[in-house]
Each structure stands twice: as C-alpha cells, then as structure tokens.
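Asker:
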Amino acid sequence: MQIPNNFKLQYSAAEIQAVNHKLGFKISEWIESLQLPLDQQVVVVPILRGSIFFFADLVRAIDCSVSISPVRCWSYNAEDNSQREEVKVDSMGFDVKDQVILLIDDICDSGRTLHHITNNFIAAGARQVNSAVLVNRHLQEPLFKPDFIGFNFDGPEWFVGYGMNHEDFYRNLSDIYIIK
Numbered sequence: 000m001q002i003p004n005n006f007k008l009q010y011s012a013a014e015i016q017a018v019n020h021k022l023g024f025k026i027s028e029w030i031e032s033l034q035l036p037l038d039q040q041v042v043v044v045p046i047l048r049g050s051i052f053f054f055a056d057l058v059r060a061i062d063c064s065v066s067i068s069p070v071r072c073w074s075y076n077a078e079d080n081s082q083r084e085e086v087k088v089d090s091m092g093f094d095v096k097d098q099v100i101l102l103i104d105d106i107c108d109s110g111r112t113l114h115h116i117t118n119n120f121i122a123a124g125a126r127q128v129n130s131a132v133l134v135n136r137h138l139q140e141p142l143f144k145p146d147f148i149g150f151n152f153d154g155p156e157w158f159v160g161y162g163m164n165h166e167d168f169y170r171n172l173s174d175i176y177i178i179k
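Using numbering that gives the first Met the number 0, you'd call the opening residue of the sequence shown number 0 and step up by one each time.
1) According to DSSP, residue 183 sits in a beta bridge with which residue or residues?
2) Buried or exposed: residue 113, going by 16 or more other Cβ atoms within 10 Å of its Cβ?
3) With contact counted as at least three CB pairs below 8 Å, one residue from each stretch, are the segment 126–136 and the segment 92–100 in contact?
4) Roughly how many whole angstroms lie between the Cα atoms of residue 41 and residue 132?
5) Residue 130: which of 37, 1, 30 and 93 sits nearest, CA to CA?
6) Touch check for the segment 15–28 and the segment 142–154: three-plus C-beta pairs under 8 Å?
7) For residue 177 versus residue 161, is the C-beta distance shorter than 8 Å?
8) Between the alpha carbons of residue 143 and residue 110, how many angstroms are there, rounded?
9) DSSP has residue 93 in a bridge; who is on the other side?
10) Is it true that the CB of residue 68 sits closer than 8 Å to the CB of residue 93?
11) Using the Cα positions of residue 38 and residue 164, report the straight-line distance between them to the nearest angstrom.
12) Could you tell me whether the Cβ atoms of residue 61 and residue 27 are closer together than 8 Å?
13) Which stretch, first to last residue, makes up the beta strand (DSSP E) that contains residue 136?
14) Short of 6 Å in beta carbon distance, which residues of its chain neighbour residue 63, apart from the five on each side in sequence? Order them along the chain.
15) Determine the burial state of residue 45: buried for a count of at least 16 other Cβ atoms within 10 Å of its Cβ, exposed for fewer.
16) Spatial neighbours of residue 47 within its chain, please: C-beta separation below 6 Å, excluding the five flanking residues on both sides.
17) Can you name the start and end residues of the alpha helix (DSSP H) that residue 56 belongs to?
Next up, the structure:
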C-alpha cells in the first residue's frame, strides 16, 4: 500500500507485536491472580472499530481462556476527526452483571471513552473493570488511566494504522504512523 508523504512511522509492526506479547503476559498474570471459579472467565470487551487489530493480536497472546463480547463506540466524527459531544455506546445486549471485564481499546486520548464505558459497566453491576490500550496519550490531568499500556506518547499528533483511521481510511496498515 502506498503510504502518504505526510505519514511518519511511529511504531513498527515488529514493535507492536513485541508490546502485544508483553501485555499478554501481564494480563495472563492478572487473570490467574483473580482465581476465578472454573465456570467463570474474564470477559474481554474490544471497543470497535479501532481496537479490532490490537484486540485480535492481544487476545491470542493471553495464556488463559477468556470470553469475548465486543461493544461499538462513537467518540469522534468520521468526517473531520473531531470529538463528539457525548460518547455513544452500543453494548450489543451484553449483560455485565457480576462479570470481570477487560476493556480493550487502541488508544486512550482524553480517556472519555474508557471512562464512560467503565462507569456504565460498574453502574450496571460489573464486579471489576480493567482496561488495556495500545497507546496512552500523556495528558497533564488525565480523565482515565488504563491498567495495561503498550506505548506512552506525548503530543497531539493524530495516529493512523493498525485499526486507527484518518477519515475512515488506512485502518489496515500494519504499522502505526502519525500524520505530520
């Protein structure tokens, strides 16, 4: 695929895979420490659409059986990448009551999306909600701090690739770029 001239490589596919394996190991340790009954699994909840590539690679690096229940979120306008006033969530009928949940998202920018979903799941009776993100953007006063972080990033640049998009293009790039 032709990479636009204004895209600068930030994280290579090899770096991403190394981080996925490291996170998979840490998440496996966390799941094992929960000592859940044999009839219960952690429910891994990918936040669609952006996290789909990260989720697929990360969940295969987790060395424990997990259940999967995706949710769909809208926190940005696709036309111009601007933030929506409110985060919209479609949990697709997933009942969170008494569940231990691991939210998976590609990036924690402001933290609005993860904060919103975490609070909604706890209010709906989830026993515990943790989160994993591939990229965590450093902010002076973050609204939300993920439990498992792949990369930390300082700066306002827009990411594209590995599930992240620019005006709904370039999600399927194997590497992650920033747009100059």
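Idealized CB from N, CA, C, for every residue including glycine.
Remember, it's a predicted structure, so these values are computed and weren't measured experimentally.
Answerer: Inspection of the coordinates gives the following:
1) The shown model of the chain, from 0 to 179, leaves out residue 183, and the question about it has no answer.
2) buried
3) yes
4) 17 Å
5) 30
6) yes
7) no
8) 5 Å
9) Partner(s): none; residue 93 has no beta bridge.
10) yes
11) 38 Å
12) yes
13) 127–136
14) 27 and 30
15) buried
16) 69 and 71
17) 51–60
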